[in-house]
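Asks: Below you will find the structure I want to go over with you.
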Amino acid sequence: MAVAATTTRRDRPVRPDTRGGNGATRTLLYVALGVLSLLFISPLIYMVSTSFKTTADAAATTPQWIPANPTLQAYESVLTTEGTPVLRWLLNSLASATAQTLLVLVTASMAAYALARIDFTGKRWIFGLIIATLFVPPVILLIPNYLIVGRLGWLDTLLAVVVPGAAGAFGVFFLRQFFLSLPKELEEAAFIDGATRWRTFRQIILPLSRPALVTLALLSFLTNWNDFLWPVYVLFSPENQTLPAGLSTLQNANAVRYDLLMAGAVIASVPVLLIYMAAQRYVVEGVGRAGLKG
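Below, the structure written as structure tokens:
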């Protein structure tokens, strides 16, 4: 047996040693990724750096990456200046983004399940029409949505920010693709055991779709959190503003306090970064599995 094993190992074709070339390629790839990463995060670094500068240093025309005299003055001014209720804006953004995210999950999951698992007449046409709305520029909907929320009496309330975005084509498309990747045998076994379709959807499909649901929740939250144009249109009172819309009031035609703007931007970025760090594992899995079936 030892002789046979030796013969087999000796007769095995020798793989060319390409470790040197692969190592050089890998090194170049890492260098390129590092340079691209620096390019992408350089605005974020400069934002954080500027938030710790004095007003004069922040307004300097020469870029200064490291503050010469680090100070928390901008944060103190943003949080304590009368007429700039940043904490109230932060709570408004959290409330509107959370409420809209929950509504998106409900509407998108139910519509996507029907389009993925239930056979009915015109299903392909309905799905095609939903996908077609992805190609409509959002700015076209500003005036119709404004007229609708105005007729409903929702102007200058968070309902005007939350409800118009509670249903969207992307969420339906994304979850439908994920539902198609789930094995039908699980549903069929539940039906044989006497489960209704609603119970199957709630107790089998939704738990198995946790990565896709978390991914969609994160994307919906980010969309609402970063939305600037629509809140500026429908929110008028300073205390009802969301954080992006409220931060825009920190600048005027006479002067721009870059240190205050950057401090506000840093405060606005912290919740999003924390949420993404907590959900990034589900995001990678959800995006990967959503593309398995067309």
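Throughout the sequence shown, residue numbering follows numbering that gives the first Met the number 0, covering 0 to 293 in sequence. From the three backbone atoms N, C-alpha and C, an ideal C-beta is built for every residue, glycine too.
For the pair the region 137–148 and the region 192–201, tell me if three or more CB-CB distances fall below 8 angstroms.
Replies: Contact between the region 137–148 and the region 192–201 is absent, because fewer than three Cβ pairs lie under 8 angstroms.
Asks: Give the DSSP-derived three-state secondary structure of Ala231 in the structure shown.
Replies: First, the amino acid is wrong: residue 231 is Val here, not Ala. In the structure shown, Val231 sits in a helix (DSSP, three-state: H, G or I).
Asks: Buried or exposed for Ala59, going by 16 or more other Cβ atoms inside 10 Å?
Replies: Exposed, because fewer than 16 other Cβ atoms sit within 10 Å of the Cβ of Ala59.
Asks: Using the Cα positions of Leu234 and Ala264, report the straight-line distance between them to the nearest angstrom.
Replies: Rounded to the nearest angstrom, the two C-alpha atoms are 20 angstroms apart.
Asks: Report the CB separation of Leu215 from Thr83 in whole angstroms; it is logged as a contact under 8 angstroms.
Replies: Rounded, the Cβ-Cβ distance is 33 angstroms, inconsistent with contact.
Asks: Can the beta-carbon of Ala267 be found less than 8 angstroms from the beta-carbon of Pro230?
Replies: No, they are not a contact pair.
Asks: Helix, strand or coil: how does DSSP classify Val255 here?
Replies: Here Val255 sits in strand by DSSP.
Asks: Shorter than 7 angstroms, the distance from the beta carbon of Leu151 to the closest heavy atom of the ligand FMN, or not?
Replies: The model on display carries no ligand, and the ligand FMN is accordingly not part of it.
Asks: May I ask which residues mark the beginning and end of the alpha helix (DSSP H) holding Pro136?
Replies: It is not in any alpha helix (DSSP H) - Pro136 carries neither H nor E in the DSSP assignment.
Asks: Can you tell me the Cα-Cα spacing of Thr241 and Ala168, whole angstroms?
Replies: So the two alpha carbons sit approximately 24 angstroms from each other.
Asks: Return yes when the Cβ of Arg256 is within less than 8 angstroms of the Cβ of Thr70, no when it is not.
Replies: No; because the gap between Cβ atoms is not below 8 angstroms, this pair is not in contact.
Asks: In whole angstroms, what separates the C-alpha of Arg209 from that of Asp226?
Replies: Straight-line Cα distance between these residues: approximately 26 angstroms.
Asks: Using the beta-carbon count (16 or more within 10 Å), is Phe190 buried or exposed?
Replies: With fewer than 16 other Cβ atoms within 10 Å, it is exposed.
Asks: Taking just the CA atoms, how far does Ala159 sit from Arg150?
Replies: Cα to Cα, the separation comes out at about 11 angstroms.
Asks: Is the beta carbon of Leu217 closer than 8 angstroms to that of Ala165?
Replies: No, these two residues do not count as a Cβ contact at 8 angstroms.
Asks: Name the two residues that bound the continuous alpha helix (DSSP H) containing Glu214.
Replies: In the sequence as displayed, the identity of residue 214 is Thr instead of Glu. 209–225 is the span of the alpha helix (DSSP H), which, as asked, contains Thr214.
Asks: Cβ atoms of Gly170 and Val103: under 8 angstroms apart, would you say?
Replies: A contact, by the Cβ cut-off of 8 angstroms.
Asks: If we ignore side chains and look at the alpha-carbon of each, how far apart do Gly293 and Thr100 end up?
Replies: At Gly293 the pLDDT is 48, less than 50, meaning the model places this residue with poor confidence and gives no usable figure here.
Asks: For Gly152, name the three-state secondary structure that DSSP assigns.
Replies: Of the three classes helix, strand and coil, the one that applies to Gly152 here is coil, per DSSP.
Asks: Is the Cβ-Cβ distance between Leu221 and Val271 less than 8 angstroms?
Replies: Yes. Within cutoff.
Asks: Just confirm the distance between the C-beta atoms of Asn91 and Asn223, as a whole number of angstroms; I'd bet it's less than 8 angstroms.
Replies: The pair is not a contact, with the Cβ atoms about 11 angstroms apart (cut-off 8 angstroms).
Asks: Just how far apart, CA to CA, sit Ala113 and Ser36?
Replies: Their Cα atoms are separated by approximately 41 angstroms.
Asks: Roughly how many whole angstroms lie between the Cα atoms of Val148 and Gly33?
Replies: Cα to Cα, the separation comes out at about 47 angstroms.
Asks: Tell me whether Ile65 sits in a helix, a strand or coil according to DSSP, three-state version.
Replies: Ile65: coil per DSSP, three-state reduction.
Asks: Thr106: which of Tyr232, Ser247, Phe173 sits nearest, CA to CA?
Replies: Closest option to Thr106, Cα to Cα, is Phe173.
Asks: Am I right that Arg109 and Met261 are in contact with their C-beta atoms under 8 angstroms? What's the rounded C-beta distance?
Replies: Here residue 109 turns out to be Met, not Arg, going by the sequence shown. The Cβ separation is near 42 angstroms, so there is no contact.
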